[in-house]
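See structure below.
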Amino acid sequence: MAGVLARCTRIPRRQLGLVGTFLNAQQPKTYSNAPPEGKKVGGNLSDEDRIFTNLYGRHDWRLKGSLQRGDWYKTKEILDKGADWIINEIKVSGLRGRGGAGFPSGMKWSFMNKPSDGRPKYLVVNADEGEPGTCKDREILRHDPHKLVEGCLIAGRAMGACAAYIYIRGEFYNEASNLQVAIAEAYQAGLIGKNSCGSGYDFDIFVQRGAGAYICGEETALIESIEGKQGKPRLKPPFPADVGLFGCPTTVTNVETVAVSPTICRRGGTWFASFGRPRNSGTKLYNISGHVNNPCTVEEEMSVPLKELIEKHAGGVIGGWDNLLGVIPGGSSTPIIPKTVCDEVLMDFDDLVRVQSSFGTAAVIVMNKQTDVIKAIARLISFYKHESCGQCTPCREGINWMYKIMWRFVEGNAEEHEIDMLWEISKQIELHTICALGDGAAWPVQGLIRHFRPEIESRIQKFKCVAAN
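Just so you know, full-length UniProt numbering puts 7 at position 7 of the sequence shown, and the rest follows in order with no gaps.
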């Protein structure tokens with residue numbers, strides 16, 4: 001899963017079956033919200049620098065089309081350069097995890113690049129994208145699956161892994177079908193499997209379907225699910241890099257993080273680092289939804305101003321920029337920010353932390369002034385209440401209490417002192433659970449109280465006036 005559960009990495013932070021039946025599968029109808037055909041997307045990033053060149057499914061997603069777009073180009077040469085070279089390029093690029101945590105990818109991959117103790121090593125790709133508002137990985141799986149397959153091979157080589165397991169959200173049926181076709185094509189072309197790309201490196205890729213549980217986006221719950229166990233997070237340490245899948249060293253990483261690695265290796269880490277700001281470099285897939293004229297997924301530079309991102313790529317806020325109420329900048333688990341902050345903030349890890357929010361998955365949810373912001377946040381709390389695994393008491397009980405209080409706020413049937421009570425409950429949940437699902441439920445509430453407390457107080461006073469009459 002993308003989003004808050006990816007932030008659970010607190011380290012200084014089924015076998016592939018018969019896939020031939022998929023080879024003649026009909027390509028599913030595309031429903032992407034893409035810019036009109038022929039229209040050049042605005043923004044600072046030029047078309048030549050876009051990594052995902054089939055983001056809207058306008059071209060062939062199979063192997064033939066992927067080869068024409070430059071995938072699998074000189075992959076053998078990259079593999080032959082060895083693990084240290086690949087990891088160094090990823091470090092030079094400044095790539096940080098694209099699933100929400102933002103942990104430096106080169107450093108994370110290097111934890112696996114150490115002498116073998118006899119146990120096999122595994123790469124696990126987290127495609128369990130369940131964060132509300134987030135759908136970037138789905139576009140990669142659907143329209144550019146070979147980028148992910150090639151990325152798995154290169155990342156696996158860097159880690160010394162013998163296999164990759166791609167854990168895909170159960171609801172992504174068409175995406176899983178396309179991915180399975182791409183893997184089968186890569187096997188048949190000798191790109192993966194025994195002697196991958198003629199490099200002498202053996203590497204297999206397996207697909208594991210999820211069953212719809214949001215909690216399985218947390219890396220250790222995901223590992224438990226692959227092993228056939230109940231999807232509940234593990235205590236750490238030990239970390240997956242030491243004891244992961246089947247008790248072996250494992251790195252769990254996001255789809256987008258893996259998919260950009262071949263292009264970084266081909267074009268150089270310094271090229272990727274030239275976009276964005278220091279510590280916030282590269283290109284990024286942004287999902288823009290909510291009250292905008294053209295909801296879309298777009299690839300743009302890191303550190304792009306939020307206002308520019310919305311106005312140039314999504315056609316602006318419905319009713320105009322002055323009609324903006326607030327934005328959830330990184331998926332449902334990140335704190336909402338008001339218009340006054342949106343006017344100037346940059347879309348990157350550091351600047352959003354500065355304004356007491358988070359970059360998350362870069363899933364931008366726009367709310368205009370016609371939004372009932374209290375009800376919107378209450379609905380998000382309903383989601384986290386439903387998806388909590390119940391293992392940790394602060395999460396299990398605390399989110400339930402937040403849910404009850406929030407829905408009283410929606411009606412106004414509450415007392416003003418309950419606002420401070422809700423804040424205190426959210427603080428008791430935050431950082432007191434095994435995984436970050438509790439944090440993801442607490443932060444939207446904290447953002448609401450921090451910036452929209454007068455709205456809650458007004459709702460309570462209005463209810464009291466109506467009740468008195």
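Even glycine gets a Cβ: it sits at the ideal position worked out from N, Cα and C.
Of Gln356, Pro454, Ala127, the smallest CA-CA separation from Leu222 is found for Ala127. Runs of the alpha helix (DSSP H) lying entirely within the region 240-279, each at least 4 residues long, are 255-259, 261-267, 269-273 in chain order. If the five residues before and after Asp84 are omitted, its C-beta is found closer than 8 Å to the C-beta atoms of Asn113, all from its own chain and listed in chain order. Segment contact: the region 259-275 against the region 310-319, fewer than three CB-CB distances shorter than 8 Å; contact not assigned. With contacts defined as CB atoms closer than 7 Å, Gly133 and Gly331 qualify as a contacting pair.
Around the beta carbon of Leu235, fewer than 16 other beta carbons sit within 10 angstroms, so the residue counts as exposed.
Around the beta carbon of His417, a 10 Å sphere encloses fewer than 16 other beta carbons of the protein chains shown; the residue is thus reported as exposed. The Cβ atoms of Ile365 and Ser289 sit closer than 7 Å to each other. One thing to note: Ile337 has its Cβ no nearer than 7 Å to the Cβ of Leu448.
The residue among Asp144, Gly210, Ala164 with its C-alpha nearest the C-alpha of Tyr173 is Gly210. Annotation: the continuous alpha helix (DSSP H) that includes Gln188 extends over 173-188.
For Gly65, the uninterrupted alpha helix (DSSP H) segment begins and ends at 63-68.
For Ser426, the uninterrupted alpha helix (DSSP H) segment begins and ends at 417-429. The Cβ-Cβ distance between Leu148 and Ala273 does not fall below 7 Å.
Annotated three-state conformation of Gly133 is coil, per DSSP. Secondary structure at Ser303: coil, using DSSP grouped into helix, strand and coil. Taking each of Ser110, Lys232, Ile154, Val181 in turn and checking the Cα distance to Ala163, the smallest one comes out for Ile154.
If you draw a 10 Å sphere on the C-beta of Ala436, you find 16 or more other C-beta atoms in it, and that means buried. In the DSSP annotation of this structure, the continuous segment of the alpha helix (DSSP H) that includes Arg354 starts and ends at 349-354. Looking from the CA of Pro305, the closest CA among Pro454, Gly99, Phe349, Leu123 belongs to Phe349. Approximately 6 Å separates the beta-carbon atoms of Lys307 and Asp343; this is inside 8 Å, confirming the contact.
Partner residues in the beta bridge of Asp204, as assigned by DSSP, are Ala163.
Our two residues, Thr433 and Pro394, have alpha carbons roughly 7 Å apart in a direct line.
Approximately 4 Å separates the beta-carbon atoms of His146 and Ser66; this is inside 8 Å, confirming the contact. If you draw a straight line from the Cα of Asp137 to the Cα of Arg453, it comes to about 35 Å. Less than 7 Å separates the beta-carbon of Cys248 from that of Arg119. Put simply, the backbone Cα of Phe275 is about 17 Å away from that of Thr53. Beta-bridge analysis with DSSP links Tyr214 to no other residue. Between the beta-carbon of Ser303 and that of Met347 there is about 7 Å, and that keeps the pair under the 8 Å contact cut.
Setting aside the 5 residues that flank it on each side, Pro233 is surrounded in the same chain by Glu218, Thr220, Ala221, Ile434, Cys435, each with a C-beta closer than 6 Å to its C-beta; the list follows chain order.
Taking Met107 as reference, the option from Thr253, Gly170, Asn293 with the minimal CA-CA separation is Thr253. The distance from the Cβ of Gln208 to that of Tyr165 is about 6 Å, consistent with a contact at the 8 Å cut-off.
The beta-carbon separation of Leu431 and Thr371, rounded to 29 Å, does not stay under the 8 Å limit for a contact. Taking a C-beta distance under 7 Å as the contact criterion, Gly102 and Thr257 do not qualify as a contact pair. In the same chain as Ile90, and ignoring 5 residues on each side of it, the C-beta atoms closer than 6 Å to its own belong to Ser105, Gly106, in chain order.
The continuous beta strand (DSSP E) containing Tyr122 extends over residues 122-127.
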